[in-house]
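A.B. asks:
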Amino acid sequence: MIIEEKIKKRKINKLLQTLPKGLVLLSSWLASEGYSYELQQRYRTSGWLESIGKGAMIKTGDSLLLSGAITALQTQAGLNIHIGGRSALEQFGIAHYLQINSQETTLFVDGKTSLPSWFVNNKWDTEIKLFRISLFKDDSVGLMDYQDGELTMKISNATRAMMECLSLSPNQFPLSEAYELMEGLTTLRPVQIQTLLEQCKSVKVKRLFLYFAERVGHAWFKYIDTNQVDLGSGVRSLASNGTFVAKYQLVLPEELVS
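Numbering (the UniProt record's numbering), first residue to last: 1 to 258.
1) In chain order, which continuous runs of the beta strand (DSSP E) of length 3 or greater are located wholly inside the stretch 118-186?
2) Taking 7 angstroms as the cut-off, decide whether the C-beta atoms of residue 151 and residue 67 are in contact.
3) In this structure, how does DSSP classify residue 236 when only helix, strand and coil are distinguished?
4) Less than 7 angstroms between the beta carbons of residue 118 and residue 47, yes or no?
5) Run through the stretch 19-60 for me and flag every whole beta strand (DSSP E) of 3 or more residues, listed as ranges in chain order.
6) With a threshold of 8 angstroms on Cβ separation, who are the neighbours of residue 16 within its own chain once the five nearest residues in sequence on each side are excluded?
7) Report the option in 242, 244, 182 whose CA atom is closest to the CA atom of residue 218.
8) Under a Cβ-count criterion, where at least 16 other Cβ atoms within 10 Å of its own Cβ denotes burial, should residue 62 be classed as buried or exposed?
9) Do residue 94 and residue 107 have their C-beta atoms closer together than 7 angstroms?
10) Can you tell which of 198, 164, 114 has the C-alpha that lies nearest to the C-alpha of residue 262?
11) Measuring alpha carbon to alpha carbon, tell me which residue in 241, 229, 166 is nearest residue 212.
12) So for residue 92, helix, strand or coil by DSSP?
13) Return the residue from the list 124, 82, 199 that minimises the CA-CA distance to residue 229.
14) Output needed for residue 145: all residues of its chain with C-beta closer than 7 angstroms, excluding positions within five of it in sequence on either side, in chain order.
15) Alpha carbons only, please: which of 156, 223, 32, 41 is nearest the one belonging to residue 91?
16) Mapping DSSP to helix, strand and coil, what is residue 65?
17) Residues in its own chain within less than 7 angstroms of residue 99 by CB, not counting five upstream and five downstream?
18) Using three-state DSSP, classify residue 107 as helix, strand or coil.
19) Assuming residue 110 contacts residue 148 under a Cβ cut-off of 8 angstroms, what Cβ separation, rounded to an integer in Å, is found between them?
20) Would you identify the three-state DSSP class for residue 73, choosing helix, strand or coil?
21) Is it right to say residue 136 is buried, meaning 16 or more other beta carbons lie within 10 angstroms of its own, or is it exposed?
22) Name the residue from 105, 116, 160, 81 whose alpha carbon lies nearest to the alpha carbon of residue 132.
23) Compare the C-alpha of residue 240 against each of 247, 232, 246, 251 and name the closest.
24) Can you tell me whether DSSP reads residue 193 as helix, strand or coil?
25) Less than 8 angstroms between C-beta atoms, sequence neighbours within five positions excluded: which residues of the same chain meet that for residue 190?
26) Please report the residue range of the beta strand (DSSP E) in which residue 251 lies.
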């Protein structure tokens with residue numbers, strides 16, 4: 001019995017010392033790592049772990065962090081969810097001058113993904129805006145590792161984040177703000193842009209991205225092979241009583257054309 005207790009103590013010490021601060025721990029994942037549900041219950045009773053809802057815990061004393069939840073959903077549950085859009089651009093210092101509410105985090109999740117109740121029902125350290133869209137043929141394209149304290153998670157790179165903003169325009173994201181964001185994207189990599197444009201399933205997004213980039217006059221624009229990008233057919237009207245942009249078959253607010 002004494003030996004068994006020592007083993008259990010070593011296991012919890014390993015858990016407490018090796019896992020990042022703020023990481024949400026899923027019961028199913030812990031079980032797969034050799035921590036039985038019975039052992040998990042003992043850890044909670046002993047005050048080492050704290051339940052935050054059905055099937056999820058944090059180390060006692062850790063703060064309830066959205067980044068810890070997203071990391072767990074990505075790495076322990078294998079779910080397709082990430083920080084993207086304007087929130088991702090904020091992390092790269094691109095959106096900071098637009099007076100954005102930093103207490104709001106934009107998340108993107110595949111439309112078919114079911115999110116657990118512990119995630120949906122908890123009050124996190126930031127307000128969540130959740131969008132369910134499927135924008136790319138390969139939904140892992142354009143995601144990158146991002147370090148938040150001790151936590152590492154996938155977020156959209158700047159190119160993908162810009163396209164995610166455009167996917168929400170004009171109804172859920174102002175076109176004028178999207179254009180201002182595009183103005184700040186001076187250092188995008190042409191190869192990365194090309195890949196994402198070819199992977200993108202939204203004609204609206206591709207046309208807006210190219211039009212805004214060309215209008216801004218980014219140096220990288222000349223390296224994009226638009227012949228390899230499917231821009232579809234037909235007019236996309238994004239403004240009532242707007243101005244027609246013949247090259248990209250878009251109807252946009254006059255201030256974005258003149």
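Glycine included, C-beta positions come from ideal geometry on N, C-alpha and C.
C.D. replies: If we stick to the structure as given:
1) Those beta strand (DSSP E) runs which fall completely within the stretch 118-186 and span 3+ residues are 127-132, 143-148, 151-156.
2) By 1-based counting over the sequence shown, the position of residue 151 is 151. By 1-based counting over the sequence shown, the position of residue 67 is 67. Contact annotation: residue 151 and residue 67 have beta-carbon atoms nearer than 7 angstroms.
3) As a working mapping, residue 236 is identified with position 236 in the sequence shown. DSSP places residue 236 within a strand segment (E or B) once states are collapsed to three.
4) The residue you call residue 118 lines up with position 118 of the sequence shown. The residue you call residue 47 lines up with position 47 of the sequence shown. No, the Cβ-Cβ distance between residue 118 and residue 47 is not below 7 angstroms.
5) Complete beta strand (DSSP E) runs here, min 3: 49-53, 56-59.
6) Within the sequence shown, the letter at position 16 stands for residue 16. Exclusion of the five residues before and after residue 16 leaves 48, 59 as the residues of its chain whose Cβ lies within less than 8 angstroms of its Cβ.
7) One-based indexing of the sequence shown puts residue 218 at position 218. Of 242, 244, 182, the residue nearest in Cα terms is 182.
8) Residue numbering aside, residue 62 sits at position 62 when the sequence shown is read from its first letter. Buried is the call here.
9) On the sequence shown, position 94 is the one that residue 94 refers to. On the sequence shown, position 107 is the one that residue 107 refers to. It is not a contact, given that the beta carbons lie outside the stated cut-off.
10) No statement about residue 262 is possible, as the shown extent of the chain runs from 1 to 258 and does not include it.
11) Along the sequence shown, read from residue 1 onward, the residue named residue 212 stands at position 212. Per the Cα distances, 166.
12) The sequence position of residue 92 within the sequence shown is 92, counting from 1. Three-state DSSP puts residue 92 in coil, outside helix and strand.
13) For this step, residue 229 is matched to residue 229 along the sequence shown. Here the closest residue by C-alpha is 199.
14) Locating residue 145 in the sequence shown gives position 145, counting from the first residue. These residues qualify, in order along the chain: 152, 154.
15) Walking along the sequence shown from the start, residue 91 turns up at place 91. Looking at 156, 223, 32, 41, the one whose alpha-carbon comes closest to that of residue 91 is 156.
16) Residue 65 sits at position 65 when you count from the first residue of the sequence shown. Of the three classes helix, strand and coil, the one that applies to residue 65 here is coil, per DSSP.
17) Sequence index remark: in the sequence shown, residue 99 carries index 99 (1-based). Bear in mind that a pLDDT of 42 at residue 99, under 50, signals an unreliable position, so the model cannot answer this.
18) Within the sequence shown, the letter at position 107 stands for residue 107. Residue 107 falls in the strand class under three-state DSSP.
19) Here residue 110 refers to the residue found at position 110 of the sequence shown. Here residue 148 refers to the residue found at position 148 of the sequence shown. Going by Cβ atoms, the distance from residue 110 to residue 148 rounds to 22 angstroms, so no, they are not a contact pair.
20) The residue labelled residue 73 in the question sits at position 73 within the sequence shown. Looking at residue 73 - three-state DSSP - the assignment turns out to be helix.
21) One-based indexing of the sequence shown puts residue 136 at position 136. So residue 136 ends up on the buried side.
22) In the sequence shown, residue 132 corresponds to position 132, counting from 1. Among 105, 116, 160, 81, the Cα nearest to that of residue 132 belongs to 81.
23) Residue 240 sits at position 240 when you count from the first residue of the sequence shown. The residue among 247, 232, 246, 251 with its C-alpha nearest the C-alpha of residue 240 is 251.
24) As a first step, residue 193 must be located in the sequence shown, where it is residue number 193. Correct three-state label for residue 193: helix.
25) If you number the sequence shown from 1, residue 190 lands on position 190. Closer than 8 angstroms at Cβ, skipping near neighbours: 220, 223, 224.
26) Numbered from its first residue, the sequence shown carries residue 251 at position 251. For residue 251, the uninterrupted beta strand (DSSP E) run begins and ends at 250-252, by DSSP.
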